[in-house]
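J.: So the sequence lines, in the order shown, correspond to chains A and B. Using this note's numbering, the letters of the first sequence map in sequence onto residues 1 to 289. Using this note's numbering, the letters of the second sequence map in sequence onto residues 290 to 691. Supplied in structure tokens, the structure appears directly below.
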Amino acid sequence: MKNVILSYSKLVSLLIIGISLTACSSSADETDATTKSSSITIKGSDTTLPISQKIAEEYMKDNSDETIIVTGGGSGVGISSLLSGTTDIAQSSRKIKFDEVEKSRDMGKSIKEVIIAYDAMAIVVHTNNKVNELTRAQLEGIFTGKIQNWKELGGDDLKIIPYSRETSSGTYEFFKESVLLDKNYVNGIMSMPATGAIIQSVNQTEGAIGYVGLAYLNDEVKAINVSYDGENYVEPTVENAKNGTYPIVRPLYFYHEEGAEEKLDKFIEYSLSPKGQQLIEEVGFVTVN
Amino acid sequence: MKHFKKFLERLVEGALTLSGTVTSITILLIVIFLFKEGAGLFNSSSIEKGYALYTHSDNPVGDLEIIEIKDVFDSNISNWKELGGKDEEIFLFRFNEIFKLYKESELGDNYELIPEKLEEIILNNPNILAYLPLRYAPSEKEGIKVLPNKNITLTDFFGGKEWMPTTTPAPMFGVVPLVAGTLLVSFIAILIALPLGLGVAIYLSELASDKVRKIMKPTIELLAGIPSVVYGFFGLVVLVPIVQNAFDLPVGETAFTGSLVLAIMALPTIITVAEDSMRSTPRAMREASLALGATHWQTIYKVIIPYSASGISAAVVLGIGRAIGETMAVLMVTGNAALIPSSLFDPVRTIPATIAAELGEAPVGGTHYQALFLLGCILFVITLIISLIVELISKKQVNNGL
């Protein structure tokens, strides 16, 4: 009997202590939140992810009281989160769409755009592929399903397997706009969830062709020289993107709400400063100036 | 003291009842939410919300099907003749092109001059087919005609064969390729995993020596804890090239690879639950059967398996549930191509992978969002039907055993 009373009272006292502890810690969190600077959330494009991660790391080294949280998911996800208020900065590899701007106006928000870098988009094929150069029209034919075999382009008798990103990706949208001239991709194109998966798949499949941001280019795949005018074929490199000869170049954006300047100005200025731009070059992108 | 104990017991009972009720109500609410969000789809127009198609009023064509709209905007149809109109080339005009024709300053501060400019363009081009947002479109008057917006019908959704949710102007929401892909991948995965899983369970519970069982069981339970993204990555890097080389295919990302990965993921669950239930057959029944002269194998399949039928069916249901609902692993190895698979070695797109890839970007409350929720409802119904079938089969077996 005594043991029973003892064990019950132990249980009850433990419960009381536990509840008071959680109450204490939650109030402590609140005071912490007001004294610590709040964290900055960046969400959106997988293409811009290496840049934001690098800049965030260096920035947090210099400003140890601030935290920056960086996630990917695709430009569409980033902008949609910005509109619903779950992120501070939306990183995007495509310009904000007209109806997204309309939606933000309907909600009473005003979105500001900052260009932080330029990115060249590389077209990649398997390392054994004989084809080295393609025109925009040929790329359009491949990705809309009109050209189906590599032998039509001077390669081996191999079926062409085009790889695309998912619809939430800014890279997907930009490629559609710039290379496909707003036509739709072939029905039933292979959609990979991330750039890394495209590189992996193109590496493994002999007839594959895909598009990735220049920063993700490595030895596992071969980049193709592209021509928009049918005459000059240009290799995708940072120099060619800078001097304007490589045709598939796009700006990379940070979008944020108009009122949030106070919180975000320091970080955005850091990204645009010479130090930040140098980091951007190190990762493999083109600087703003 | 007795009163205190009774009071405490009543308290615990009450807490358990309360938590059970709350859980059941929450599950019910989640299901209701799922169906509510999805049902709004059939009230939405087939053209993107806030947009409409405009032609010149001299144009005899009054109505366009969704497929025709897609073909026109893909430049597969370029003449009004093919749509039942005059023998003239279609002049396609997308709203963004107005920004290329006029400078921002010419369009007014809040874009108030856009409707006028659009009116001019439509009136000057009798063969125009313009895709414009309602907010900036010219008002309907002499010379300008709006094509009526049709709602998405049940046949469009449940019978449509193309899933292209972000095409403009008319997104296509046909779920047939997605349902076919899900069913194919899950069915083959179950076909591979069930016999293998039950076989290993029987081996572990009846035939393996103690030493082997002590090593294998924890290893298999460990496998059940590996996150699905790791399985997906393993599938992409290891299984896809193996399938590609073994079957001499142009591409390794197929429904078969997806089924293989799903089978590997469902196996630990099936094995653990089935083996546990088989081990719990009481010794008395085993010994009675052996005493009557049955061999070990006869004991296994005439006594032990019928006795643990409910446990085995639980294992089957859990395994099937894992196979059908698995998202990340399938997203990485099946290629996500929204086509109706004509063979086991075609790339497919499953429902969970579609929802995972697209829900983040679909604007809340929009047509795409509702279509994705309806897909979730379809998945829910499929899983429900399969669970019910398995329950029925196991009930039958129990009766047969008696």
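All C-beta atoms in this analysis are idealised placements derived from N, C-alpha and C, irrespective of residue type, glycine included. The structure presented is a predicted model; accordingly, all values stated were derived computationally and were not measured.
Have a look at proline 539(B) and lysine 151(A) and give me their C-alpha separation to the nearest angstrom.
T.: By one-based count along the second sequence, residue 539(B) stands at place 250. By one-based count along the first sequence, residue 151(A) stands at place 151. Rounded to the nearest angstrom, the two C-alpha atoms are 15 Å apart.
J.: If we count Cβ pairs, one from each stretch, closer than 8 Å, do we get three or more for the stretch 299-315 of chain B versus the stretch 120-131 of chain A?
T.: Contact between the stretch 299-315 of chain B and the stretch 120-131 of chain A is absent, because fewer than three Cβ pairs lie under 8 Å.
J.: Using the beta-carbon count (16 or more within 10 Å), is arginine 165(A) buried or exposed?
T.: As a first step, residue 165(A) is located in the first sequence; it is residue number 165 there, counting from the start. The residue in question, arginine 165(A), is buried, as its Cβ has 16 or more Cβ neighbours within 10 Å.
J.: Please confirm whether isoleucine 613(B) and alanine 459(B) have their CB atoms less than 8 Å apart.
T.: Residue 613(B) sits at position 324 when you count from the first residue of the second sequence. Residue 459(B) sits at position 170 when you count from the first residue of the second sequence. Not in contact: isoleucine 613(B) and alanine 459(B) (Cβ atoms no closer than 8 Å).
J.: Tell me which residues share the same chain as methionine 505(B) and place their Cβ nearer than 8 Å to its Cβ, disregarding the 5 neighbours each side in the sequence.
T.: Taking the second sequence and counting its residues from 1, the one referred to as residue 505(B) is at position 216. Cβ neighbours of methionine 505(B) beyond the five flanking positions: Leu493, Ala497.
J.: Mapping DSSP to helix, strand and coil, what is asparagine 203(A)?
T.: Translated into the one-based positions of the first sequence, residue 203(A) becomes position 203. Helix at asparagine 203(A).
J.: To the nearest angstrom, how far is the alpha carbon of leucine 418(B) from that of lysine 97(A)?
T.: Taking the first residue of the second sequence as 1, we reach residue 418(B) at position 129. Taking the first residue of the first sequence as 1, we reach residue 97(A) at position 97. Leucine 418(B) and lysine 97(A): Cα-Cα distance of roughly 21 Å.
J.: For the beta strand (DSSP E) containing glycine 72(A), name the first residue and the last one.
T.: In the first sequence, counting from the first residue as 1, residue 72(A) sits at position 72. Unbroken beta strand (DSSP E) run through glycine 72(A): 68-73.
J.: Please classify isoleucine 280(A) as buried or exposed, where buried requires at least 16 neighbouring CB atoms within 10 angstroms.
T.: Start at 1 with the first residue of the first sequence, and residue 280(A) comes out as number 280. Buried, because 16 or more other Cβ atoms sit within 10 Å of the Cβ of isoleucine 280(A).
J.: Please classify valine 179(A) as buried or exposed, where buried requires at least 16 other C-beta atoms within 10 Å of its C-beta.
T.: Your numbering for residue 179(A) matches position 179 in the first sequence. Buried.
J.: Report yes if the CB atom of alanine 120(A) is closer than 8 Å to the CB atom of valine 286(A), and no otherwise.
T.: Counting from 1 along the first sequence, the entry for residue 120(A) is found at position 120. Counting from 1 along the first sequence, the entry for residue 286(A) is found at position 286. Yes.
J.: Determine, for lysine 103(A), whether the minimum Cβ-Cβ distance to residues of chain B falls below 8 Å.
T.: Sequence index remark: in the first sequence, residue 103(A) carries index 103 (1-based). Yes, lysine 103(A) counts as interfacial toward chain B.
J.: So what does serine 164(A) bridge to, in DSSP terms?
T.: As a working mapping, residue 164(A) is identified with position 164 in the first sequence. DSSP output for serine 164(A) lists Ser191(A) as bridge partner(s).
J.: Pull up the DSSP beta-bridge partners for proline 251(A), would you.
T.: Mapped onto the first sequence, residue 251(A) falls at position 251. Bridge partners of proline 251(A): Tyr118(A).
J.: Quick one: grab the DSSP three-state call for glutamate 542(B).
T.: In the second sequence, the residue the question calls residue 542(B) occupies position 253. It is coil, neither helix nor strand.
J.: Taking the alpha carbon of glutamate 650(B) as the point to measure from, which residue in Lys61(A), Thr48(A), Glu100(A), Leu153(A) has its own alpha carbon closest?
T.: As a first step, residue 650(B) is located in the second sequence; it is residue number 361 there, counting from the start. Comparing Cα-Cα distances from glutamate 650(B) to each of Lys61(A), Thr48(A), Glu100(A), Leu153(A), the minimum goes to Glu100(A).
J.: What residues of chain A sit near methionine 270(B), judged by a beta carbon separation below 7 Å?
T.: Chain B is shown only over 290 to 691; residue 270(B) falls outside these bounds and no answer can be derived.
J.: In angstroms with no decimal places, state the Cα-to-Cα distance between leucine 317(B) and lysine 406(B).
T.: Position 28 of the second sequence holds residue 317(B). Position 117 of the second sequence holds residue 406(B). Leucine 317(B) and lysine 406(B): Cα-Cα distance of roughly 53 Å.
J.: Along the stretch 150-169 of chain A, where does the CB come closer than 8 Å to a CB of chain B? Name the residues.
T.: Cβ contacts with chain B: Leu158, Lys159, Ile161, Glu166, Thr167, Ser168.
J.: Relative to the alpha-carbon of leucine 342(B), which residue among Lys434(B), Leu551(B), Glu357(B), Leu412(B) has its alpha-carbon at the smallest distance?
T.: Here residue 342(B) refers to the residue found at position 53 of the second sequence. Taking only the C-alpha atoms, the option nearest leucine 342(B) is Lys434(B).
J.: Which same chain residues, not among the five before or five after leucine 252(A), have their C-beta less than 8 Å away from its C-beta?
T.: As a first step, residue 252(A) is located in the first sequence; it is residue number 252 there, counting from the start. Same-chain partners within the cutoff: Ser45, Thr47, Thr48, Ile51, Gln91, Ser92, Ser93, Ile115, Ile116, Ala117, Tyr118, Asp119, Phe285.
J.: Contact check, valine 350(B) vs leucine 372(B) under 8 Å by CB: the rounded distance?
T.: Within the second sequence, residue 350(B) is the residue found at index 61, counting from 1. Within the second sequence, residue 372(B) is the residue found at index 83, counting from 1. Right, their Cβ atoms sit about 5 Å apart.
J.: If you measure beta-carbon to beta-carbon, which residues of the stretch 556-573 of chain B are closer than 7 Å to chain A?
T.: If the cut-off is 7 Å between Cβ atoms, the stretch 556-573 of chain B has nothing near chain A.
J.: Examine the Cβ distances between the stretch 524-541 of chain B and the stretch 614-632 of chain B and report whether three or more of them are shorter than 8 Å.
T.: Contact holds: three or more Cβ-Cβ distances are below 8 Å.
J.: For valine 249(A), which residues in chain B fall below 8 Å Cβ to Cβ?
T.: Position 249 of the first sequence holds residue 249(A). Going along chain B, no residue has its Cβ under 8 Å from valine 249(A), so there is no contact; the nearest lies around 19 Å.
J.: Using a Cβ-Cβ cut-off of 7 Å (strictly less than) and excluding sequence neighbours within five positions of methionine 290(B), which residues of its own chain qualify?
T.: Here residue 290(B) refers to the residue found at position 1 when the second sequence is read from its first residue. Excluding positions up to five away in sequence, the list is empty.
J.: Please go through the stretch 342-402 of chain B and give each complete alpha helix (DSSP H) segment of 4 or more residues, from N-terminal end onward.
T.: You should have 355-362, 387-390.
J.: Of all Cβ atoms in chain B, is any one closer than 8 Å to the Cβ of methionine 107(A)?
T.: Against the first sequence, residue 107(A) aligns to sequence position 107. It does not; no Cβ of chain B falls within 8 Å.
J.: Since tyrosine 172(A) and alanine 208(A) should fall inside the 8 Å C-beta cutoff, what is the C-beta to C-beta distance between them, to a whole number of angstroms?
T.: Residue numbering aside, residue 172(A) sits at position 172 when the first sequence is read from its first letter. Residue numbering aside, residue 208(A) sits at position 208 when the first sequence is read from its first letter. Rounded, the Cβ-Cβ distance is 17 Å, inconsistent with contact.
J.: List the residues of chain B that serine 84(A) touches, going by C-beta distances under 8 Å, in chain order.
T.: In the first sequence, counting from the first residue as 1, residue 84(A) sits at position 84. Here the neighbours are Val653.
J.: Can you list the residues of chain A that asparagine 332(B) reaches, using a CB-CB cut of under 7 Å?
T.: Taking the second sequence and counting its residues from 1, one reaches residue 332(B) at position 43. Ordered by position in chain A, no residue passes the 7 Å Cβ test against asparagine 332(B), which lies about 20 Å from the chain.
J.: I need the boundaries of the beta strand (DSSP E) containing valine 310(A), first residue and last residue.
T.: Missing from the structure shown is residue 310(A); chain A here goes from 1 to 289 and no further.
J.: Give the residues of chain A in contact with arginine 694(B), contact being defined as C-beta atoms less than 9 Å apart.
T.: For residue 694(B) there is no data in the structure shown, the boundaries of chain B being 290 and 691.
J.: Checking the sheet assignment: what are the DSSP bridge partners for histidine 256(A)?
T.: For the purposes of this step, residue 256(A) is taken as the residue at position 256 of the first sequence. According to DSSP, which records beta bridges pairwise, histidine 256(A) is partnered with Ile89(A), Lys112(A).
J.: Please list the terminal residues of the continuous alpha helix (DSSP H) segment that includes glycine 610(B).
T.: Residue numbering aside, residue 610(B) sits at position 321 when the second sequence is read from its first letter. Where glycine 610(B) is concerned, the enclosing alpha helix (DSSP H) stretches over 598-614.
J.: With a threshold of 8 Å between beta-carbons, can glutamine 204(A) be considered close to chain B, or not?
T.: Indexing the first sequence from 1 puts residue 204(A) at position 204. Yes - at least one Cβ of chain B is within 8 Å of the one on glutamine 204(A).
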